[in-house]
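In terms of my numbering, the sequence shown opens at residue 9 and continues consecutively. Glycine included, each C-beta is placed from N, C-alpha and C at the ideal position. The block underneath contains the structure these notes are about, expressed in structure tokens.
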Amino acid sequence: MSEQLEEPDYEVTASHTGFEVRSYSDTIQARVRAEGTNWRGSSGGFRRIAGYIFGRNEKKQMIAMTAPVHIWEEVDGTMMAFTMPSEYAMEDLPRPNDGGVHLANISGKSFAALKFTGLSGSRKTERLKKRLMRLVSETGLESSGPAMLAVYDNPNTTLPFLRRNEILIPIHD
């Protein structure tokens, strides 16, 4: 996915052993909630948001794909989000035809980021999430929300050892 795709703007504000802290700019996301709490059970959510950017919206307008796709767990389900290209303001984006796809203004915030390559299965991402939470705590930082998986490359066309992924944990500034 990430080849020549726009990615959200951020600035690295600190580098620590095993992770970095980033300050992200404001963005707009198209989001969908899936039933259950399984990071890997999110393909239905992907198809719904992809439908929105591929023209299933009130204007039948195509919107460029960006990277990464964000996936995180909440109490009542798994969330998935695509960041909209920076050229759009909220009022410029067409309304989704799918009532489960929601557009949201996301205020800039700071995240601890742990990069990894390869597959992003549940066991591996859970282990890396715990590692990053431990590193964040040991550094004296405090998380401010659930960890998320950021997937940059198409798992159907990118060899596992070439895939770029991240675990992101929002932190208090």
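{"Item": "Nearest-angstrom Cα separation, counted from Glu14 out to Phe124", "Value": "20 Å"}
{"Item": "C-beta contact flag for Gly108 and Pro168 at 8 Å", "Value": "no"}
{"Item": "Between the CA atoms of Gly63 and Ala121 - distance to the nearest angstrom", "Value": "32 Å"}
{"Item": "Range of the contiguous beta strand (DSSP E) that encloses Arg172", "Value": "172–179"}
{"Item": "Cut-off 7 Å between Cβ atoms - residues of its own chain near Ile57, not counting five sequence neighbours on either side", "Value": "Ala38, Val40, Met88, Phe90, Val109"}
{"Item": "Exposed unless 16 or more other CB atoms sit within 10 angstroms - verdict on Ser152", "Value": "exposed"}
{"Item": "Closest by C-alpha distance to Ala158, when choosing among Glu146, Leu149, Arg171", "Value": "Arg171"}
{"Item": "Whole-number beta carbon distance between Ala155 and Thr86, since they are thought to touch under 8 Å", "Value": "About 12 Å; that fails the 8 Å criterion."}
{"Item": "Helix, strand or coil at Ser130 according to DSSP, with G and I counted as helix", "Value": "helix"}
{"Item": "Touching by the beta-carbon criterion (3+ pairs, under 8 Å), the region 126–137 and the region 19–30", "Value": "no"}
{"Item": "Sheet register partners of Gly85 (DSSP bridge)", "Value": "Glu82"}
{"Item": "Alpha-carbon spacing of Gln69 relative to Glu146, whole angstroms", "Value": "47 Å"}
{"Item": "Where Met98 falls: helix, strand or coil (DSSP)", "Value": "helix"}
{"Item": "Rounded straight-line distance, which links the Cα of His78 to that of Pro178", "Value": "13 Å"}
{"Item": "Alpha-carbon to alpha-carbon, Thr165 and Ser31", "Value": "30 Å"}
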